[in-house]
Structure formats: C-alpha cells, structure tokens
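These notes are about the structure you will find just below.
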Amino acid sequence: MFNEVKKSMQWGEETLTLETGKVARQADGSVIATLGETSVMANVTFAKAQKPGQDFFPLTVHYQEKYYAAGKVPGGFFKREARPTEKETLTSRLIDRPIRPLFVPGFKNEVLVMCTVLSFDGVNDPDMIAMIAASAALTISGAPFMGPIGACRVGFVDGEYILNPELDDMHNLRMKPEQRLDLVVAGTKDAVMMVESEAYELTEEEMLGAVTFAHEQIQPVIDLIIDLAEASAKEPFDFQPEDYSELYAAVKSAGEDKMRAAYAITDKQERTGAVSAAKADIIAALTEDQQADSNLGPALKKLESAVLRGDVVKHGRRIDGRALDQIRPIVSETGILPRTHGSALFTRGETQGLVVTTLGTGDDEQMIDSLTGMYKTNFMLHYNFPPYSVGEVGRVSGPGRREIGHGKLAWRALQAVLPAPTDFPYTIRIVSEITESNGSSSMASVCGGSLSMMDAGVPLKAPVAGVAMGLVMEDDGSYAVLSDILGDEDHLGDMDFKVAGTENGITSLQMDIKIAGITPEIMKKALEQAKAGRLHILNEMGKALTGAQEFSVHAPKIETMQIPVDKIREVIGSGGKVIREIVETSGAKVDINDDGVIKLASNDADAIKRAYDMIYSIVAEPEENKIYKGTVVKLVDFGAFVNFFGKRDGLVHVSQIENKRLNHPSDVLKEGQEVWVKLLGFDDRGKVRLAMKMVDQATGQELAKEEPAEE
C-alpha cells in the first residue's frame, strides 16, 4: 500500500532521518524530517498552470507549531492554535528566503509549502528541521526547483564553532556570556543563500568563519536529500520559460535613453515620477499585441535592471551619484518628544525613523507561550512601516510578515548591548515609526533605537549602528558591492546584506540572495565595506549625544531588594493578602520572582520607601537594644501589646511603661496610640519583651541613665 523511502545519517550528535511515501501522498512532495525526537512534516503543492496575467511568483510558506508535539494544550481561553506566533512567522520567512531564488526564472505558478511540527523533544529546534524538510519536499515534488538546500544553526563558545547547539543554549542568549552566537545559514552545494544571526560583538573574521563552517556542515544534508530524491522524486514538471527577447528588444529600442535619463535623477520622488513617465512612453510606442503581452512587465523590469546594473559595475556610478562605498548624509536628533521616556529621529538620506523608548516595570514584561513553555521577555522592539513612508496610499492593518521580520532583526542587533536585568530592572519597549523610506529602514531602526535608549538613560554597553549592503553581479562574474543601498538598488540588485554592530564587533547579520549564492570572497569584501560604513555612522550618531544622558523624569523609578527564598511565602501571604496590602498601603508596584528578587516601582520615591520598609519588616528580624516606633494594639491588666515591627507584636510590661507605679496601663495609654519602644530581648518561650520608660516618647531617643547618688 505504501511506497516508503527512508534515508538516515549521523549529523553532529544526532541522527537525521528523511522519509517519504507514507503520509500525505496526494501532495506533490511530502517529507518528514526527524532530528533526535523532533519531527517536522513538509508538504509541497504547486499549480500546473499559471494564472492569466500573473506577473509575480506566488510562493507561500507556512510553518506551524502544533502544541501536541510537545504534549501541551494551548494557553488562553481559545484552546486551539490560531494566528501565527512571532516564532512561526519568522520561521516561515526563514524558509521562504533561501528557496525563492532557486525556482527557475519565469516560473509563476502558485506554490504552497506547509511545514508542521509533529514532535518536539525540547532539545532540537524544529525551525532548522523544517527548512531541511521543505527543501527535500521541493526536490522530490517535480517542481522546477534548482535545489536542494541544506540548513543548520551554529553557536560559538570559547573560540569554537558548535553545530546545532541545544535549544536551551540559544534561549535568552544575552544572559549567557560564554555563548556568543546564534547563526542560521542555508545554502546550496556551491554557495550560501541566506544568513540570519544574533551575535555578541564578533569580529568580521569570526563571523565569516562561522558562515564558512556552516556551509561545510550542510553538505552531507544536501547529499542526503539528493539520495532521497534519486529513490523517490517525481518526473520533472514540463516547464519552459517564455522567450520574450523580441518584446524586450522592442522595449529597449523604444525607451532605453528615457529610462537612463530617469535613473540619472537623484531625488527619489522625481526619479519615481520620471521612471513611470518613461514606462508610459515605452508602452505607448509598442503595438497593441506587444502591449497585451503578459511579459511586458518583466521586459520593463529587465530594462530598468540593465540600466541601473550596467552603470554600477562598468562605471562605478550609482543612481544618486555616490561612490560605491559612500554613506548618505546623516542627521541624528534625540529628545524630540517631550513626554516620552526616550526619543530619537534618525535620518539617512531619504530614509528616516522616529524611534521611541518606553521604560516599564515587571508588570509590563511580555508573556510568551511557546512549545518550550511559558517565559517572559523584558525587551521588545516593534517596527511600523506605514504607506505614507514611501509616498503611497494603501490599506492599514496589523503588522505583516515584513514588519515582524524587520523588527526582529533590529531587536537582535540591539539586545546584545543591553544591561543585565539585575543592573537595570526595567522592561524596555522600542517602537520604530518609519516616516520615510528609501532603503534599509530596519538599519535606521537599529540606529534610532540605540539613540532613543540612550536618550532614556538606558546604560547600554555601547551604541549600535547598522548598514545595508548590496551587490550587482554580471554574467561574466564582474561585480560591485554597494554600501547603504537605496530601495531601487535593493529591488534591482542581487543581494541584501545587513550588518549591525558596535565599534568592537558585529551584533547582527542578515543576508538574502536573489541569485544562486555568493562566494566567500564577495562576503568578505561586503563585511569589510560594512565595517567602514558602520564606524562612519556611529561617528555621526555620536554628534547627537553631547554629555551624559539623564534618566527620564517621566519614567517610573524602580529599586530592587533581595530577600531569602524561604521568606517569599510570608511576603505574598495567604492568597496574596499580604502583598496586596503592601501595594495598596504604599502605592508602589511590587514584583517578586522565584529567586527572591523584588522590584519596587513607582513615580513616587516615598511610595517605594514605604513598600521597602513594609517588606523589610516582614523578612528581617528585630534587633535587641534597638528602638522602634510602634502602635498600641491591646491593653491588659499586666501591660500593653505593641505592634512595632511590621506584623510583629511585643509586650510592654506595666512596670516598663513609666518610671512610676501604675494601677493600670490605661492610666497613660490607649489603643491606637503611637509609642516608642526598646527591644529588651526575648523570654524563654521566644516572646518579645519591650520597654518604654527608657525612651523619650517625644523624640524616640534613649534617655540617659541616671548616675547613682554620691554618699
């Protein structure tokens, strides 16, 4: 009934297995990949015909984490996997980016790739396994896919590269100083296609070494996929790209000069208008049949690309007249919004980000429900890209995959320089509002985020800047690496290579390729050129920060205190009764973690002190011979009970109230009266013994002992 094919190999410390032929047999390609006890199923289907008028490649990738894979029930009221989580969205992008350029040019049939996590062992991250499964499923599907690709994750500890480190080693990386890298690489047999990383000031040489190491480690994975395909692949889909060379010749003849003149305009808005006008003139000059040809769009784009690329490689001329390694003019400003905790406006050419930092308390931490369990994060970065930033109209909705991806890239770049939560106990939220865009708005978010945090008084280890690099490669192998690319250079070029970091090293690297990969030589040149650009941008950013940055007066004040773990229960109280009373009485927010670290937050310093004193009185022990202020809570024949140390009561014997004989404590005291008492000690049963008569009740100072009379 089943025509099963299974291939396995030892990969690092685990066994990697690929199997097909048993599950989802109606899909064009279906592969279950297993590493350790983590399994991901990838299913590929593709339309056998192109939709009429389709002028783009409709590839859709969905990565789904099923909670049953980890033996969990989804949290919340709706006990079903619903909208994609951030991890699912980012992994979908991670799979899409290296496979998209490997479809045969001109193929525009709809393709759907669905990756489903079936089993999760808590050790092996399913994202890499999903990439391998998707590559294998595409390879055996018969689709015109020029793969396969392999993928792996790389760590870096004590100068050694680690293949596929365990999931726990990669979680909350900034709290693990020994682990300096979380790098994902995907590539073909010959070249690297995609890089994504979170790093801790690695040098360019260390980062290039990590990418090279990863490319070596994915080679046996590629061989395993080929082995599987040789035994199970379907017949290749009969696809031949349409030949539109005659149409392109007509387009080129009708408007090459106009297109070249349009791209000579340096201002983006003027250039965009001129390009549109040139296209309209070209279309008007064509025959009706040529105008109706579905390849007219690709022909016009090919002409645009030829004009831009030829000038860059042959003459070193860019659209805006800059040199290949020149950064656009930069203006950095901080403190531009009066009531926010920190703000910055970062402008680089025609790209601009308004970036705002908000400091919150422990209550503001984000709770994340994932396959690995529930955890909190105290650093968030949200990126918004409204239509007006590129002078367009459009529907405004929630954040899409692009917004989530760009925000995560900036998050990775900045979190490496954050102070430890024990040193700076604040929740940090950054929002980047892209107000203008013409290339690399994610890197503007990095620069603006760094400035706005420093404006808020966040003690960063070092400022961070980012720059986007581009590549134009001709058929003869000649190429040019471009610094700080424009939107058109990204759109019509071959590479988007983003590098962020401090003066000391790289904190994030992301690379996407539109051709069949790049060589180590090109990557090395791009890293070197990016470093020079990054240092220049950091120098320009420094002009906005003159003098020490003061902590925002509008941000909440937070103090921390450490209590013994065995005292946590007493501070919280039965059903949270005690901690609720502390919050209500003091007016401060109180957050306690499992290690006994307490964060006290309020805009009022007195409220923090009140909460501190109340907690201290619960967890600390009163000291003998020390004077305390208390309240009379009960009067009896033999004395008065005084509440003097938090919830602690003690007895002031009637003989210790005043230096004279009293008939009853009520002669001088009443319930609710505030008094000063001295702790004399504890009796044999541990009861507290207090005294009032040796304390000045007006000042709280101990009275001087009377000297014995001379004889």
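Anchor point for the sequence shown: position 112 equals 182 in my numbering, and the numbering is continuous, going up by one each time. C-beta atoms are modelled at their ideal positions from N, C-alpha and C, and glycine is treated no differently. None of the values given here were measured: they were computed from a predicted structure.
Less than 8 Å divides the Cβ of residue 627 from the Cβ of residue 678. Ranking 513, 302 and 575 by CA distance to the CA of residue 72 puts 302 first. By DSSP's assignment, residue 452 forms a beta bridge with 501. The straight-line gap separating the alpha-carbon atoms of residue 329 and residue 394 is approximately 21 Å. Here residue 429 is bridged, per DSSP, to 498. Here residue 515 carries a helix assignment [DSSP, helix/strand/coil].
Per DSSP, the unbroken beta strand (DSSP E) holding residue 758 starts and ends at 758-761. Among the bridge pairs identified by DSSP, residue 130 is matched with 182. Under the three-state reduction of DSSP, residue 83 is assigned to coil, being neither helix nor strand.
Residue 269 and residue 579 have their C-alpha atoms spaced approximately 8 Å apart.
Look at the beta carbons and you see the stretch 531-549 not touching the stretch 429-436: under three pairs across the two are nearer than 8 Å.
Under the 8 Å Cβ criterion, the stretch 210-222 does not count as touching the stretch 182-193, having fewer than three qualifying pairs. Residue 632 holds the alpha-carbon nearest to the alpha-carbon of residue 685 among 632, 731 and 727. The alpha-carbon separation between residue 478 and residue 487 amounts to approximately 15 Å. DSSP places residue 260 in the coil class of the three-state scheme, outside both helix and strand. Sixteen is the threshold: when 16 or more other Cβ atoms of the shown chains lie within 10 Å of the Cβ of residue 223, as they do, the residue is buried.
DSSP places residue 609 in the uninterrupted alpha helix (DSSP H) bounded by 590-612.
Distance from residue 426 to residue 522 at the Cβ level is roughly 6 Å; contact confirmed, criterion being Cβ atoms closer than 8 Å.
In this structure, residue 551 and residue 592 form a Cβ contact; the two beta carbons are roughly 7 Å apart against a cut-off of 8 Å.
Counting only runs of at least 3 residues, the stretch 260-328 fully encloses the following beta strand (DSSP E) elements, listed from N- to C-terminal order: 262-272.
Per DSSP, reduced to three states, the secondary structure at residue 421 is strand.
Secondary structure note for residue 225: its beta strand (DSSP E) is the uninterrupted segment 220-227. For residue 718, the uninterrupted beta strand (DSSP E) run begins and ends at 718-723, by DSSP. In this structure, the CA atom of residue 176 is about 13 Å from the CA atom of residue 123. When DSSP states are grouped into helix, strand and coil, residue 142 belongs to the coil group. DSSP, reduced to helix, strand and coil, places residue 580 within a strand of the structure shown.
Taking C-beta atoms as the reference points, residue 232 and residue 259 fail to come closer than 8 Å. 715 is the residue among 715, 657 and 691 whose C-alpha sits nearest the C-alpha of residue 699. The C-alpha of residue 312 is placed about 48 Å away from the C-alpha of residue 439. Here residue 688 carries a helix assignment [DSSP, helix/strand/coil].
Look at residue 648 here: in three-state DSSP terms it is helix. Out of 305, 681 and 648, the CA that lies nearest to the CA of residue 659 is found in 681. Along the stretch 374-402, the beta strand (DSSP E) does not occur as any fully enclosed run of 3 or more residues. Between residue 514 and residue 422, the CB-CB gap stays under 8 Å. Each of 540, 709 and 104 was checked against the Cα of residue 557, and the nearest Cα belongs to 540. Boundaries of the alpha helix (DSSP H) around residue 346: 338-355.
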